Ligand code: ARG
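In our numbering, the protein residues as written are 5 to 591.
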């Protein structure tokens, strides 16, 4: 069995059985175990239980203590304050637990799988066809990718959906223009780059828009094209497909730069639900969930009102018969629930779309598509701000292109790597620069809780000190260099050795990796994992300052400390991978 019971779960079980033996009615109660500064753990749950049982809390605590089995894991337990329990873990147990994680041949560090995994459909990384990607798309991709890794790590069945914006009236204009200028999307050479694809699209978009605004006859032709597109005219659809294909070349190049795997089969854009739209409307109208109002098909909500006090409806079908964003999302829900058999629908989308999702989810609930067994959640993220605290814009007031920003991060990171590099070739500097730069951008995004706005500050992001991915990557690389220097001597656990305070602190924290991952996955909160990893690196730094590794007193101690170093490295590597960040072996 590869999965390891963490020390805190183990202590939890010890306390729970002592508690039930003392107070049978407390069976199943939570002893409220926490890490503590005074001892290794503190349990605060007895206070409330004593109150309920009308008992003296200190006396109850003393009775529980007398029943706790000490020895193997719990070295010492005592009552403190009004009825808390202070628990000290045996050094031996710390080392043994880490050793069990270390030998887990699956590389999971003994982290167990969820007992009852479900199916989650996650909607993330959804840019728009024929448009530049901006920082908002970055957030969705980075947060979504990490949540995918976290959920899959716990054993959840995850289906990814990239709901790209590939439908809408602007395509009438674009297609008509391309039809009249057929070679605009041709490529100069066979190896098309993402940048070339984007500049083609950009040029075509601008030219089409110019003609649309200045030429009435073109405008009429463009409008007719929208109708053709919606009617499924073959030639028009083929033209539309060209835009989608060209955009995908660009998207894939950006995702590659982001060091992120996005699969073509998971890209199901708005157009993918066209065949369902009419039926979605019919179902909503027949069940009375939606009603006709001035020709449009609408859903009303008691608590959603506009500034004039009138209810704001969700418009499922416009009065001219056209379908919009809401009809598509409602159809996607039906697909995800009934075809993909999801238990959870997760949407990693900008907080500014919160009202849309509130209305869409409520509509789906009324229609019976969502219920207690199938839930939908928007993992809403905040706005990316510039250093000045205002929404991130270029000096000219335009939205910043995602690629420019990544390139700049990579440049800065390469400079940092070059400065510190000792034995790296130019090629290695370029490769590490990319891993450090992209890692820095991802980490800055993931280390703040998603719903908060965050400041995009490249200087801070690539700093070697403080809560940055660079700091974590250097900690990892430093350990690798120690392990290389150890040469013939291999890491090995020696549970019989007494541990230094700094070793205990590091060891206990490493052992709680499983809990952290469980919590971060359950709450869709990568920032909790980021905070944990930062703490790993900090505790490692103080361990390293206080405890000589290669020059420890005895050969056994050298091996044991190398072992602690290696468990730290593996935890950093695993944890960073769950955030989508690389840990280079040498920096
Ligand atoms: N393409 C949209 C945008 O750029 C995001 C799509 C979000 N997902 C969804 N199912 N509506 O804002």
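Glycine included, C-beta positions come from ideal geometry on N, C-alpha and C.
Bear in mind that the values here come from a model prediction, so they are computed numbers and not experimental data.
Query: Would you please state the rounded distance, in angstroms, between the beta carbons of residue 593 and residue 386? I believe it to be under 8 Å.; Result: The structure shown does not extend to residue 593, since the chain is modelled only from 5 to 591, so the question has no answer here.
Query: If we ignore side chains and look at the alpha-carbon of each, how far apart do residue 579 and residue 388 end up?; Result: 24 Å
Query: Does residue 479 pass the burial test, meaning 16 or more other C-beta atoms within 10 Å, or should it be called exposed?; Result: buried
Query: Identify every run of the alpha helix (DSSP H) within the stretch 34–62, keeping only runs that are complete inside it and at least 4 residues long; order them along the chain.; Result: 50–56
Query: List the whole-angstrom C-beta distance separating residue 504 from residue 551, where the pair is believed to meet the contact cut-off of C-beta under 8 Å.; Result: 5 Å
Query: Could you check if residue 31 is buried or exposed, using at least 16 other CB atoms within 10 Å of its CB as the buried criterion?; Result: exposed
Query: So is the beta-carbon of residue 130 under 7 Å away from any non-hydrogen atom of ligand 1?; Result: yes
Query: Count the other CB atoms within 10 Å of the CB of residue 191; is the residue buried (16 or more) or exposed (fewer)?; Result: exposed
Query: In whole angstroms, what is the alpha-carbon distance linking residue 591 and residue 526?; Result: 34 Å
Query: At what residues does the alpha helix (DSSP H) containing residue 14 begin and finish?; Result: 11–26
Query: Does residue 295 come out as helix, strand or coil in the three-state DSSP assignment?; Result: strand
Query: Helix, strand or coil for residue 130 per DSSP?; Result: coil
Query: Looking at C-alpha atoms only, which residue of 305, 538, 135, 419 is the closest neighbour of residue 407?; Result: 135
Query: For the beta strand (DSSP E) that residue 115 lies in, which residues bound it at each end?; Result: No beta strand (DSSP E) contains residue 115, which DSSP labels as neither H nor E.
Query: According to DSSP, simplified to helix, strand and coil, what is residue 239?; Result: helix
Query: Would residue 468 be called buried (16 or more neighbouring beta carbons within 10 Å of its own) or exposed?; Result: exposed
Query: For residue 384, list the residues DSSP reports as bridge partners.; Result: 353
Query: Can you tell which of 110, 58, 45 has its C-alpha closest to the C-alpha of residue 82?; Result: 45
Query: How would you write the range of the alpha helix (DSSP H) that residue 483 sits in, first residue to last?; Result: 473–489
Query: Which partner residues of residue 300 appear in the DSSP bridge assignment?; Result: 297
Query: Ignore the nearest five residues each way along the sequence and tell me which others in residue 57's own chain have a CB closer than 8 Å to its CB.; Result: 27, 29, 30, 64
Query: Would you say residue 271 touches ligand 1, meaning its beta carbon is less than 7 Å from a heavy atom?; Result: no
Query: Give me the Cα-Cα distance between residue 409 and residue 246, rounded to the nearest whole angstrom.; Result: 27 Å
Query: I want to know whether the stretch 348–361 touches the stretch 276–291 - three or more CB-CB distances under 8 Å.; Result: no
Query: What did DSSP end up calling residue 449 once you bin it into helix, strand or coil?; Result: helix
Query: Would residue 130 and residue 168 qualify as a contact pair, given that the criterion is a beta-carbon distance under 8 Å?; Result: yes
Query: Is it buried or exposed for residue 235, if we count other Cβ within 10 angstroms and need 16 for buried?; Result: exposed
Query: What are the boundary residues of the beta strand (DSSP E) that residue 320 is part of?; Result: 318–321
Query: Tell me whether the beta-carbon of residue 447 lies closer than 8 Å to the beta-carbon of residue 583.; Result: yes
Query: What residues match up with residue 82 in a beta bridge as DSSP calls it?; Result: 90
Query: Determine the extent of the beta strand (DSSP E) in which residue 161 is found, giving its start and end residues.; Result: 161–165
Query: Determine the contact status of residue 77 and residue 11, defining contact as a CB-CB distance below 8 Å.; Result: yes
Query: What do you reckon, are the CB atoms on residue 297 and residue 170 nearer than 8 Å?; Result: no
Query: How about residue 158 and residue 94: are their beta carbons less than 8 Å apart?; Result: no
Query: Name, in chain order, the residues that DSSP records as bridge partners for residue 125.; Result: 163, 349
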